[in-house]
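Taking it in order: structure first as structure tokens, then the write-up.
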Amino acid sequence: AIGTAGYTAALCVDALEGWGAIQPGKGEVLVTGAAGGVGSTAVSLLSSKGYAVVASTGRAETHDYLRELGATSFIERTELSGEVRPLQKERWTGAVDSVGSKTLANVLAQTVYGGAVAACGLAGGSDLPGSVFPHILRSVALIGVDSVYAPASKREKAWATLSRHLDRSKLT
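Numbering (the working numbering), first residue to last: 61 to 232.
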């Protein structure tokens, strides 16, 4: 039931925590594509670990579902998929992005100094029409997450994260 999407979400959460960019109680963590497989599992994992999770989705009808998984607030996906400005108001301490393209570029531009974004998908496109400004002026890290070739140590950690922090009653 967890599948590749859930496993990938755990890899993303572990990557953000390993980077040291996010801490429970210190800022908001954004999840793009929140109603999808990776996104919904990321929302659940992050929430169970004590993070304030902002869910990005274009489907308002999924808000109750995402709230049940632990989302504390929402942002309409169109707010992140529009024109990209190199630096924007700092908002996210970290993010799990499964969308890519303009969404990823905008998320990076809105990430706080020292924050990080774990990118694992390209539902919105494989391009990255952004700037190096978030990286060199705010020290924002872009962490690529790969679920296919991840070494055994990362795989084991991800499955342990899922075992400890994923509420199995919500898998349906």
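Glycine included, each C-beta is placed from N, C-alpha and C at the ideal position.
Only a predicted model underlies this, so the values are computations on that prediction, with no experimental measurement involved.
Around the Cβ of residue i, are there at least 16 other Cβ atoms within 10 angstroms (buried) or fewer (exposed)?
{"i": "S133", "result": "exposed"}
{"i": "T101", "result": "buried"}
{"i": "L231", "result": "exposed"}
{"i": "K162", "result": "buried"}
When the Cα atoms are used, what is the spatial distance from residue i to residue j?
{"i": "S191", "j": "T138", "result": "20 Å"}
{"i": "V10", "j": "N166", "result": "Given a span of 61 to 232 for the chain in the structure shown, any question on residue 10 remains unanswerable."}
{"i": "K217", "j": "D74", "result": "8 Å"}
{"i": "T221", "j": "A70", "result": "6 Å"}
{"i": "D124", "j": "F193", "result": "36 Å"}
{"i": "A201", "j": "G175", "result": "6 Å"}
{"i": "A131", "j": "A112", "result": "7 Å"}
{"i": "K214", "j": "K149", "result": "33 Å"}
{"i": "A95", "j": "G110", "result": "19 Å"}
{"i": "E136", "j": "V91", "result": "12 Å"}
{"i": "I203", "j": "G154", "result": "11 Å"}
{"i": "V98", "j": "E77", "result": "17 Å"}
According to DSSP, residue i sits in a beta bridge with which residue or residues?
{"i": "E88", "result": "A112, W152"}
{"i": "G185", "result": "G160"}
{"i": "T117", "result": "E136"}
On the three-state DSSP scale, how would you describe residue i?
{"i": "I135", "result": "strand"}
{"i": "G97", "result": "helix"}
{"i": "Y173", "result": "strand"}
{"i": "A178", "result": "strand"}
Which residues mark the beginning and the end of the alpha helix (DSSP H) in which residue i is found?
{"i": "T163", "result": "161-169"}
{"i": "Y125", "result": "123-129"}
{"i": "K230", "result": "That residue, K230, is in no alpha helix (DSSP H); it is neither H nor E in DSSP."}
Would you mind reading off the limits of the beta strand (DSSP E) that contains residue i?
{"i": "L202", "result": "201-204"}
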